Amino acid sequence: MGLVVGMASLYMSWLGYRADRREHADGLDLAATADELARAVGAQWQAEASVRRLDDPYPLPVPWRPACASLVDPWHLLVRTATGAVADRTTLPPAWARGPEGLAGSDAEVVEVFTDRVPGRRLLILGEPGAGKTMMLL
2 MGLVVGMASL YMSWLGYRAD RREHADGLDL AATADELARA VGAQWQAEAS
52 VRRLDDPYPL PVPWRPACAS LVDPWHLLVR TATGAVADRT TLPPAWARGP
102 EGLAGSDAEV VEVFTDRVPG RRLLILGEPG AGKTMMLL
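Numbering of the sequence shown is given in this note's numbering, commencing with residue 2 and proceeding in unit increments.
Printed below as a string of structure tokens:
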């Protein structure tokens with residue numbers, strides 16, 4: 002008899018817990034939470050850049066160019082990976098670079114290159130120590 006009462010009590014507690022969690026989850030606004038997280042991360046990065054004095058006296062210009070062909074996969078394979086199929090140049094998104102040469106740029110263009118020009122949004126940044134890789138990304 003005690004086992005039945007104990008199991009019923011445990012089951013009722015579990016139902017209450019589950020209902021409470023569901024109510025809490027339904028009240029969350031995912032977009033607002035993501036925006037809040039983005040603001041917090043942005044503030045943390047700005048604070049770190051300030052501590053490291055990355056903009057003092059001004060941001061250093063950091064140009065870049067695509068790596069030599071021996072370091073990367075052929076362009077058509079990157080496009081195939083990003084699209085999941087063989088695609089010709091006429092069916093690609095208009096902002097995508099048509100080849101590695103379309104990825105060259107400098108400074109704040111890195112955001113546009115990464116979000117718009119790079120098929121599959123995979124970007125590897127290589128450079129000598131002190132070349133400005135981290136500063137460019139911050």
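Beta carbons: idealized from backbone N, C-alpha and C, even for Gly.
Note that the structure is a prediction, hence the values are computed from the model and not measured.
Would you mind working out which of LEU138, LEU104 and THR116 sits nearest CYS69, comparing C-alpha positions? When only C-alpha atoms are compared, the closest one is LEU104.
Using DSSP's beta-bridge definition, name the partner residues of TRP65. As a beta-bridge residue in DSSP terms, TRP65 pairs with GLY106.
State the start and end residues of the unbroken alpha helix (DSSP H) segment that holds THR34. THR34: member of the alpha helix (DSSP H) spanning 31-52, first to last residue.
Residue interval of the alpha helix (DSSP H) (run including ALA83): Start and end: 76-84.
Can the beta-carbon of TRP46 be found closer than 8 Å to that of LEU124? Not closer than 8 Å, so no.
Using only the alpha-carbon positions, how far apart do LYS134 and GLU37 sit? The alpha-carbon atoms of LYS134 and GLU37 are separated by roughly 27 Å.
Should the stretch 109-126 be called in touch with the stretch 8-22, which here means at least 3 C-beta pairs below 8 Å? With a cut-off of 8 Å, the stretch 8-22 and the stretch 109-126 do not count as touching, because too few Cβ pairs lie within range.
At the level of alpha carbons, what is the spacing between GLU102 and GLY17? Taking the straight line joining both Cα atoms gives about 60 Å.
Taking the continuous alpha helix (DSSP H) assigned at LEU138, which residues delimit it? For LEU138, the enclosing alpha helix (DSSP H) has its first and last residue at 134-138.
Could you check whether ASP30 and VAL63 sit closer than 8 Å to each other, using their CB atoms as the reference points? No, the Cβ-Cβ distance between VAL63 and ASP30 is not below 8 Å.
Selected residue, minimal CA-CA separation from VAL73, among LEU127, TYR59, TRP97 and THR92: Comparing Cα-Cα distances from VAL73 to each of LEU127, TYR59, TRP97 and THR92, the minimum goes to LEU127.
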